[in-house]
Structures are given as structure tokens and as C-alpha cells.
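So the sequence shown is numbered by the working numbering: it starts at 11 and just counts up by one. Just so you know, even glycine gets a beta-carbon here, dropped at the ideal spot from N, CA and C.
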Amino acid sequence: MILITGIAGLTGRFLYQEIQAQKLDQTVKYFVRPTSDISFMLDEDKEKNVVYGDGNNLKDVTDALLNVDLVIHLATIHLSEVVTQACLLKGIKRVIFINTTGMYSQYKSYALLYTELERKIKESNLIYTIIRPTMIYGNHQDVNIHKLIKMINKVPVFPVIGKGDGLMHPIYAQDLAKVINSVMINEELTRMQEYNVAGKAPLTYLSLLTEIAKALGKKRYFLHIPYGLALLIGKIGDYIPNGIIDYEKVQRLKEDKNFDYSKATCDLGFSPKSFEEGVKLEVQALRDAGIIQ
11 MILITGIAGL
21 TGRFLYQEIQ
31 AQKLDQTVKY
41 FVRPTSDISF
51 MLDEDKEKNV
61 VYGDGNNLKD
71 VTDALLNVDL
81 VIHLATIHLS
91 EVVTQACLLK
101 GIKRVIFINT
111 TGMYSQYKSY
121 ALLYTELERK
131 IKESNLIYTI
141 IRPTMIYGNH
151 QDVNIHKLIK
161 MINKVPVFPV
171 IGKGDGLMHP
181 IYAQDLAKVI
191 NSVMINEELT
201 RMQEYNVAGK
211 APLTYLSLLT
221 EIAKALGKKR
231 YFLHIPYGLA
241 LLIGKIGDYI
251 PNGIIDYEKV
261 QRLKEDKNFD
271 YSKATCDLGF
281 SPKSFEEGVK
291 LEVQALRDAG
301 IIQ
């Protein structure tokens with residue numbers, strides 16, 4: 011039996027679709043919070059295979075592991091210590107963890123924590139696989155891209171920090187879901203392995219904004235803001251949270267975030283979409299949801 015955490019999130023919904031298409035011969039259970047939106051799931055799963063609990067609560071997680079052989083921890087990596095402890099208590103060895111390439115950032119505040127959590131996973135005696143995606147996008151649940159789409163859809167002039175030449179390498183959520191599914195069905199090959207995964211090719215931040223405008227079918231002008239001024243605005247954003255800009259986000263826009271995913275291609279046949287393809291799908295998803303016109 012398989013237990014998946016985080017199925018109600020962005021990637022989880024795509025993974026759910028992959029699992030339905032796969033028609034596994036194992037039962038899959040889904041560990042979710044009582045407040046999670048699981049309306050996308052089949053009625054049979056909602057009735058029989060959903061386990062409610064708090065990922066911070068060791069007893070809840072341990073209880074959910076009854077008769078489980080494999081855990082896919084798709085929920086936040088911050089809960090990995092609880093999941094690891096619960097698995098060790100129940101004698102479960104095989105776990106797939108989803109971390110983030112943010113651990114490599116020199117500016118991201120949680121980078122050291124992500125690195126430390128991985129160290130603990132590797133020293134836990136679990137048979138692990140670690141998947142590290144770049145920035146994930148795909149619908150209104152993503153953290154960054156859907157906000158940019160909504161703003162660019164509204165305004166004819168959009169600010170760009172500096173030259174906008176920092177590289178970005180976002181991954182479409184369905185491609186990440188496919189990797190997770192591939193790791194799940196290639197258990198022996200992927201034991202004790204680590205995979206960085208990203209979109210087809212990196213692109214500059216300015217190119218990313220341009221592709222969003224193209225996907226929207228909108229003519230947009232980009233106004234370049236001096237980096238120093240943007241840092242000041244970012245500092246203000248730290249004191250007045252707005253969900254759009256803060257000091258760390260400004261710094262990371264100058265940091266190249268491109269990653270080699272050749273190992274995932276070699277082992278798992280990973281072949282991700284380009285951002286041009288993926289953002290068109292996201293724009294359509296936002297339109298279908300009535301979020302943008």
C-alpha cells in the first residue's frame with residue numbers, strides 16, 4: 011500500500027491524475043488535512059482512501075501508516091522529520107521525498123534548513139529517493155507564476171528589476187508529477203538516488219514575462235527599475251507583506267537558477283515541457299477557473 015501526503019496541492023492534483031491513468035495494482039491512500047479541498051478526487055477514494063490528520067502530529071502520521079509499504083512525501087519538506095520518525099516507528103523503509111532546488115540558493119532564507127533536512131533523511135536508514143524541483147507552476151495554486159499572469163493580464167506597463175537577465179528554470183507541475191510516478195514504479199533503480207528536475211530550458215526573467223504576455227495575447231511594455239531601488243522597495247515589502255515583493259525575492263531575481271536534469275532524463279526518461287508550452291496551459295487553466303478573462 012502507498013501513502014501520499016500533499017495530494018491536495020498543485021503537484022498533488024497532477025500526480026493524482028497520473029495515478030488514475032497508471033491503474034496501479036496497489037491501494038493508494040491520501041493523507042490530508044481536514045480542511046483540504048479534495049473535490050477533484052473520485053468518490054471512491056474520498057470514501058475509502060482518504061486519511062485525515064495533521065502532518066505536524068506524530069500520532070496522526072503514524073496512524074496513517076497502517077499497512078503502508080511506500081510513502082510519497084509531497085507535502086512541505088518541513089514535515090520530513092515527522093514523516094521519517096513515523097516511518098521508522100512503523101518499520102517502513104521506502105520513502106520518496108520532494109525537496110526543492112531552493113536549497114542551493116545563496117539568498118533563500120530556508121536554504122540551510124532544506125540542506126539540513128536532507129542530511130537527516132540520508133542518515134535515517136530509510137531507503138530514500140529525493141526529488142528537487144525548481145519553481146513549480148501550473149494553476150492558481152502555484153506560488154509565483156499565476157500572480158505574474160494576473161498582473162500582466164491587467165496592466166499595460168510592467169516593472170522589471172534591473173535588466174531582467176537572471177536565469178529562471180520553472181517546471182510545469184505535471185512534469186514533476188510524471189517524475190514522481192516514474193520513481194514510484196522504478197523502485198530498485200531509484201533507491202538512494204537524488205534528482206534535480208526543471209523545465210525544458212532556462213530563460214531570463216524578462217523572457218519569462220514576455221512569454222506570459224504572449225500566452226495572454228497581450229501587448230505589454232516592460233519598465234526597467236534600477237536594482238538598488240528595487241532592493242529598497244523589497245525592504246519595505248518585508249515590513250508591509252504584500253505577497254508580491256520582498257527583499258529576498260529581489261535578490262533572487264539576480265541569481266541564475268538553472269539546473270542540470272540529465273540524470274532524471276537518463277534514469278527516468280524525463281522530458282519536460284518548455285515554459286512557452288507550460289504557461290499557455292496555465293493561462294488556459296486560469297481562464298477555465300474564471301480567475302482571468
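| Item | Value |
| --- | --- |
| Minimum C-alpha distance to residue 69 - residue among 16, 199, 92 | 92 |
| Paired residues, beta bridge with residue 206 - DSSP | 142 |
| Contacting residues, own chain, Cβ-Cβ under 6 Å from residue 261 (five flanking each side not counted) | 117 |
| Burial state of residue 192 (16 or more Cβ within 10 Å) | buried |
| Bounding residues of the beta strand (DSSP E) (the contiguous stretch that carries residue 62) | 60-62 |
| Short Cβ contact (8 Å threshold) for residue 208 with residue 269 | yes |
| Same chain, Cβ closer than 6 Å to residue 140, neighbours up to 5 away in sequence not counted | 107, 109, 204 |
| Contact under 8 Å by Cβ, residue 237 with residue 247 | no |
| Limits of the alpha helix (DSSP H) - the one that residue 150 falls within | No alpha helix (DSSP H) holds residue 150; DSSP gives it neither H nor E. |
| Distance, residue 84 Cα to residue 178 Cα | 23 Å |
| Residue 1 (DSSP reduced to helix, strand or coil) | This structure does not reach residue 1, given that the chain is present from 11 up to 303, and the question cannot be answered. |
| Separation of residue 80 from residue 322, as counted between CA atoms | With the chain covering only 11 through 303, there is no way to say anything about residue 322. |
| Closest residue to residue 78 among 101, 146, 20 (Cα-Cα distance) | 101 |
| N- and C-terminal bounds of the beta strand (DSSP E) containing residue 41 | 38-42 |
| Sub-8 Å separation of residue 147 and residue 124 beta-carbons | no |
| Given residue 29 as reference, the closest of 194, 276, 169, 95 once Cα atoms are compared | 194 |
| Buried/exposed call for residue 240, threshold 16 Cβ in 10 Å | buried |
| Identity of the residue in 144, 96, 121 nearest residue 64 by Cα | 96 |
| Which residues DSSP lists as bridging residue 234, in chain order | 170 |
| Segments of 4+ residues assigned as alpha helix (DSSP H) that fall wholly inside the segment 85-126 | 90-100 |
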